[in-house]
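In the numbering used here, the protein residues as written are 2 to 934.
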């Protein structure tokens, strides 16, 4: 392999460094080899070859500009769909974009010169490491320069071995049975047309080794490494090449150069326009196929072409869409059951006895309720909550209990079947042993300046910090996360104070009585108005805190310095989800389990901060308010995310096209068209996962209060899949393909949510809804000895479950009686189970209260144990990897090892045969030579 043997680095010890991204990318130049650290060495021979051909001694200074190897400038050849250099032979694997410093409008001459020299040093070192570069000026903006990068065959082979990339050995001869069997005729309508997107050929694979190149299935060198693999290899090199030495510290990597403005962008190319096939007959036009068969609205009912998604965008994006599609399919069952439970409650709301009593003028109209705040709140009649009690009958019914139990089982089925599906994808996409392939992040490698002895290999290796340093970093990171969680809790307390204070305002301004003519008087009660406004304000605060904390979480994770990209994303995932969990769910937890539970009674109310009286629930409980909160947050979040995902990139691209001075897009080269698309961002689909997991929490944690949540999630996800597909194929640059064997830290997060969901739903039914008090009344207190009826009934439930208070019995000596002067009333009712005035234990909890508490605790214990037992049985009965998949994996390993072994034996036999023949020749020659002499 012929490569440049000189490596140019800027030695800028006397100049000020103007990079903007801190210490990431810095490493003492004398402490370690750069492109081939010990952990990346496949073998001593490979490293030796690599050191001899790629890693070269560094020299040079600002004055040694004659040592720079710069790319040749070529004019655009007028082929807008070309994916090759001007010669039409070398494929473009990556594109770097910069603004010509000599044509910049600003006057920072010194800064521009330094940036130009850093870029020239970087490009020179790329050439030194074997990459081939070609530069072309922009058609529409003469200041922009596009540097096209091509990796030759030798570079691809060398780094494929370093990166342990698995490549084809021979075609897979295992028979793959259709998962649909006799249903093929039915599912054909839902599947992608195989004549349009042809199925990919399956291969047995093994980690690539140059010494065994003949064993691999190489029909054509140009197609052996597909475009996604080529881009991965080139990005691996771009992320590790150095460009500057300052104070014996190296600066390196394309990410640092982009973030500091030396380059404006770096990306692999799309293979064509999304709405037209490429004019090049050799181009497969996979982007166009994905848009037509996946992202277009007319394909909304079709299954996703996961193999083509994986081939074009990489396994990481493929596994996300596979998971999202499977989650959406499972939501269909939950949505059907949820709608059935909702319809059950809706159709039976007219048979709701306790709601009839609330609305009856002779019952609810005659019950005078105590004021819910001091002085400003009036006495009110129970029947003003008539409409809310009717709506509550829909959600607080027997169907709610059935649905809560069903969802506890459903979430386990979903997680277990997804594990099986994930195992199948690991086999099909060849990521079973991916953990052995992943390389350390360049930022991690840069800080590896401590030498330790590996316990397993007993060899020296470098790590970024000692055990003590690691503990300090973890402590600081945990403290920062805790601070932000406390900040969220403080915002929740602020919302509670808002609720308490604004409730007084609504109580004095909204109508007190119902005249039956004004619909606002029916529906907009003080409780409902407070709940709606507080939910909206809570949603706004959630969005603001999210925006701030995203940046903070990234800073914390960068400081933590995880080793691999998977470790980085898992660490960031846990921080972000912990924050989002508290941020999104705290208000729901407050309404479900705290509101109205610690209010005391009218004679001795509980005050917040000594000033605000704790708020109470409606006579029917807080379940309807929890439903309102969920609806607003879920709906608002879905609308907000869709605006961000669809409108924002579309508007940005529209503005970019409007500002462009160029002519028709048809004469614009492929690389320039892609440059004007939006960058995806380094975190990729992290926010897509986060959005779906938060939704998963809403669907499972609080589903007992809102059985329509799975239906809303199903509709949202059907649109989400196509919106994400449309966004990726039309609005964003192509991402660097990445490997992934699973969904990472999101899997244990979902398992944790599933366990917590059983508890929350059991507690919602027990403590938030009125189901248990109604059952206790029906079975125990409607008949003697506690009731007066001769049969089990719900008649009289409202009158028997509201306690009585004498307004003269206000006991707080620090405050004057707030009920005096509000009317000529002596008695009022309130929501609690306490003894009436005049009782030997007046205002103490009565026997009904203790029956209800016992029933609630018994219900929680029984429901949790039953569901957890079923979950455990399901988890045990359904293996994570199906028997068929296990057999395929074992079969492939066996055949791969057999193939490599036979090839090795064949080579050994051939070499031994040559050696024996050579020895025999020497013997014959030695015997014949004396006779000849």
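Built from N, CA and C at the ideal position, the CB exists for glycine as well. If you're wondering where the values come from, they're calculated on a predicted model, not measured in any experiment.
According to the neighbour-count rule (16 or more other Cβ atoms, all chains shown, within 10 Å of its Cβ), is residue i buried or exposed?
i: residue 598; result: exposed
i: residue 164; result: buried
i: residue 225; result: buried
i: residue 702; result: buried
i: residue 774; result: buried
i: residue 40; result: Because the pLDDT at residue 40 is just 37, under 50, the model does not fix this residue reliably, and the value given afterwards should be weighed accordingly. Label assigned to residue 40: exposed.
i: residue 581; result: buried
i: residue 793; result: exposed
i: residue 283; result: exposed
i: residue 888; result: exposed
i: residue 299; result: exposed
Apart from the five residues just before and just after residue i, which ones in its own chain have a Cβ nearer than 6 Å to its Cβ?
i: residue 696; result: 714
i: residue 861; result: 763, 767
i: residue 171; result: 205, 218
i: residue 373; result: 617
i: residue 578; result: 750
i: residue 166; result: 209
i: residue 52; result: Here the model assigns residue 52 a pLDDT of 35, short of 50, so the residue's position is not dependable, and the following value carries that caveat. For residue 52, where only same-chain residues beyond five positions count, there are no Cβ hits under 6 Å.
i: residue 455; result: 462
Rounded to the nearest angstrom, how far is the Cβ of residue i from that of residue j, given a contact under 8 Å?
i: residue 988; j: residue 672; result: Because the chain in this structure spans residues 2 to 934, residue 988 falls outside the shown range and cannot be described.
i: residue 323; j: residue 191; result: Actually they are not in contact, since the Cβ atoms of residue 323 and residue 191 sit about 16 Å apart, beyond 8 Å.
i: residue 151; j: residue 132; result: 7 Å
i: residue 197; j: residue 278; result: With a Cβ gap of about 11 Å, residue 197 and residue 278 do not count as contacting.
i: residue 134; j: residue 234; result: Actually they do not touch by this definition, with Cβ atoms about 16 Å apart.
i: residue 401; j: residue 705; result: 6 Å
i: residue 1; j: residue 776; result: With the chain covering only 2 through 934, there is no way to say anything about residue 1.
i: residue 649; j: residue 593; result: Residue 649 to residue 593, Cβ: 34 Å. No contact.
i: residue 811; j: residue 828; result: Not a contact, Cβ separation roughly 13 Å.
i: residue 498; j: residue 609; result: 7 Å
Excluding the five sequence neighbours on either side, which residues of its own chain have a C-beta within less than 7 Å of the C-beta of residue i, listed in chain order?
i: residue 572; result: 558, 561, 563
i: residue 844; result: 602, 604, 835, 836
i: residue 464; result: 449, 451, 453
i: residue 123; result: 242, 244, 258
i: residue 540; result: 633, 634, 637
i: residue 392; result: 625
i: residue 529; result: 389
For residue i and residue j, I'd like the C-alpha separation in whole angstroms.
i: residue 630; j: residue 852; result: 30 Å
i: residue 466; j: residue 475; result: 12 Å
i: residue 221; j: residue 546; result: 53 Å
i: residue 202; j: residue 286; result: 18 Å
i: residue 730; j: residue 716; result: 22 Å
i: residue 252; j: residue 240; result: 11 Å
i: residue 130; j: residue 86; result: 19 Å
i: residue 1; j: residue 416; result: Outside the displayed span of the chain (2 to 934) sits residue 1, for which this structure offers no information.
i: residue 471; j: residue 574; result: 19 Å
i: residue 82; j: residue 491; result: 56 Å
i: residue 230; j: residue 740; result: 10 Å
i: residue 606; j: residue 849; result: 21 Å
i: residue 689; j: residue 431; result: 24 Å
i: residue 698; j: residue 331; result: 15 Å
i: residue 261; j: residue 144; result: 18 Å
i: residue 255; j: residue 267; result: 8 Å
i: residue 270; j: residue 288; result: 11 Å
i: residue 583; j: residue 489; result: 7 Å
i: residue 104; j: residue 656; result: 23 Å
i: residue 972; j: residue 493; result: The displayed coordinates of the chain run from 2 to 934. Any statement about residue 972 would go beyond what the structure contains.
i: residue 595; j: residue 789; result: 34 Å
Got a sec? Which residues, its chain only, sit under 8 Å from residue i by beta carbon, not counting five neighbours each side?
i: residue 842; result: 836
i: residue 433; result: 427, 742, 890
i: residue 752; result: 416
Exercise. Does the stretch 718 to 735 come close enough to the stretch 562 to 578 to have 3 or more Cβ pairs within less than 8 Å?
Worked result: no
Exercise. Contact between the stretch 351 to 365 and the stretch 723 to 730: three or more CB pairs below 8 Å?
Worked result: no
Exercise. When the Cβ atoms of the stretch 402 to 411 are set against those of the stretch 857 to 874, are three or more pairs found closer than 8 Å?
Worked result: yes
For this session: Please determine if the stretch 206 to 219 and the stretch 307 to 317 are in contact, where contact requires at least 3 C-beta pairs separated by less than 8 Å.
Result: no
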